[in-house]
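These notes are about the structure you will find just below.
2 protein chains.
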Amino acid sequence: MAQTDGRKGEIIQMASKLFRERGYSAVSMRDLAAGIGVKAASLYNHISSKQEILSSIIISIAERFTEGMNAIVSKKVSVKNKLEEMIDHHIQVMIDNPDGIACLNNDWVHLKEPELTYFLDMRNGYEENLRKILKEGIKSKEIKQVNVEVMLFSMLSTLRTLHLLHEKKKGIKTDNLKNEVKQILLTGIMN
Amino acid sequence: MAQTDGRKGEIIQMASKLFRERGYSAVSMRDLAAGIGVKAASLYNHISSKQEILSSIIISIAERFTEGMNAIVSKKVSVKNKLEEMIDHHIQVMIDNPDGIACLNNDWVHLKEPELTYFLDMRNGYEENLRKILKEGIKSKEIKQVNVEVMLFSMLSTLRTLHLLHEKKKGIKTDNLKNEVKQILLTGIMN
DNA sequence: TTTTTTAACTAACACTTGTTAGTTTTGTAT
DNA sequence: ATACAAAACTAACAAGTGTTAGTTAAAAAA
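Same order as they appear, the protein sequences are chains A and B.
In terms of our numbering, the first sequence opens at residue 1 and continues consecutively.
In terms of our numbering, the second sequence opens at residue 192 and continues consecutively.
And the structure:
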């Protein structure tokens, strides 16, 4: 359940926005408080630390990615189908919280244990599942015989930074974005 | 001319490494000094500010990207050829300074004027030139009729974050990396 | 109305930040 | 050996950091 209402939700939302713009370390609790229209000390009636804010933002999104991917890998459908569903899901999570995604991408390094390990395990699991799908596709000849790691990396780097495209092209409809990304990631660009 | 020797070069090199690991804002001058084995104040015999270090790292790389791209766009070769040369060049710049690339990617937001504008102009120019190549390819039917912006974005996000792959797969030979990235970015993955 | 709870406030803490001033050491040329 | 420049050092600055304690105002429950 994403936290978006109440004062705590407001804090997390504003923090996501500011962390995205300047990065976790460059945003002070006073900046964050000012963004909401309150004094820094007042934030501590709702949250317990700056670190907790970062965790809230990142972990909830990472869990959503993980759940979606887990639901997809074991499906009895073609590899192409799995990849399409995975791209759709990834983009949907991004659309629902672009600031949070940016924050996850840039600031996960600043997580402290045990959340850091928890996050990295989820991230590795996600990658591992996608790798599994790609290898399955190579075996079944649905996918070209190219380096799995490079292929995996290319897909993930496009998906992970898609909030930047979404930010610049605000007009684009969600379904169009999903379709165009799928086409390019799966079928390439050259004729 | 890249700065790699002398005390100043050593400072910039260590700064690139630390900025990459923790981000500009999270690295203090004392951290940086300790990494070199010196006191913070001593750094100021070689550099004038923390900000100058950041500029040195980012601007020199951005200029290299710009020069390479400018040399490629106006060539009288096929679009495919241009794209291949551009990918090769981009990867070569990354190989020569992966820490600096990471720093450019993550910390350009912390540049101050006038360097910020100078950097953004170069970045926009680079994108604009690549867009030009892609549009030329679409017109000549060398490239599929897909959304230029999404295509552009996908290529750039893969290239820009390639230092992460390079870091994880240290063993990979430069030429292999170049070839595999070209294959995937240009011809896609599906059979 | 009175009581209790929620969430704002001010003030302060211990510490870290980038940077400067002034001094001492180190290495090189005369 | 002497003089000079380069680069290290210590000490300190003003400002900013996350966070806590204690207090007051507003809202909800009794």
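Ideal Cβ placement from N, Cα and C applies to all residues, glycine included.
- A direct Cα-to-Cα measurement between A:I184 and B:S345 gives close to 8 angstroms.
- Within the region 130-156 of chain A, contact with chain B at the beta-carbon level (separation under 7 angstroms) is assigned to K141, E142, I143, K144, V146, N147, E149, V150, M151, F153, S154.
- Bounds of any alpha helix (DSSP H) do not take in B:V300, whose DSSP letter is neither H nor E.
- Residue environment: B:Q204 is assigned as buried (16 or more neighbouring CB atoms within 10 Å of its CB, all protein chains considered).
- Straight across, the Cα-Cα distance linking B:N370 with A:S48 is about 50 angstroms.
- Straight-line spacing of the CA atoms in B:K360 and A:E149 works out to 9 angstroms.
- At least 9 angstroms separates the beta-carbon of B:M285 from that of B:I263.
- By the C-beta density criterion, A:V79 is buried, having at least 16 other C-beta atoms within 10 angstroms.
- A direct Cα-Cα distance of roughly 46 angstroms separates B:E319 from A:S42.
- Counting along the chain, B:N261 sits inside the alpha helix (DSSP H) bounded by residues 241-264.
- The CB of B:N297 comes closer than 9 angstroms to the CB of G23, N106 in chain A, given here in chain order.
- Minimum Cα-Cα distance from B:I363 among the listed residues B:Y317, B:K326, B:N297, B:I282 corresponds to B:I282.
- Residues of the region 161-172 of chain A that bring their beta carbon within less than 7 angstroms of a beta carbon in chain B comprise T161, L165, K169, in sequence order.
- A straight-line Cα-Cα distance of about 37 angstroms links A:D96 and B:R255.
- Between A:N105 and A:R30, the beta carbon gap of about 25 angstroms keeps them out of contact (Cβ cut-off 8 angstroms).
- When Cβ pairs closer than 8 angstroms are counted between the two stretches, the region 49-63 of chain A is seen to touch the region 119-133 of chain A, the count reaching three or more.
- Assignment of A:H90 by DSSP, reduced to helix, strand and coil, places it in the helix class.
- For A:S157, the enclosing alpha helix (DSSP H) stretches over residues 148-160.
- Taking CB atoms only, B:A217 has a neighbour in chain A less than 9 angstroms away.
- Assignment of B:V229 by DSSP, reduced to helix, strand and coil, places it in the coil class.
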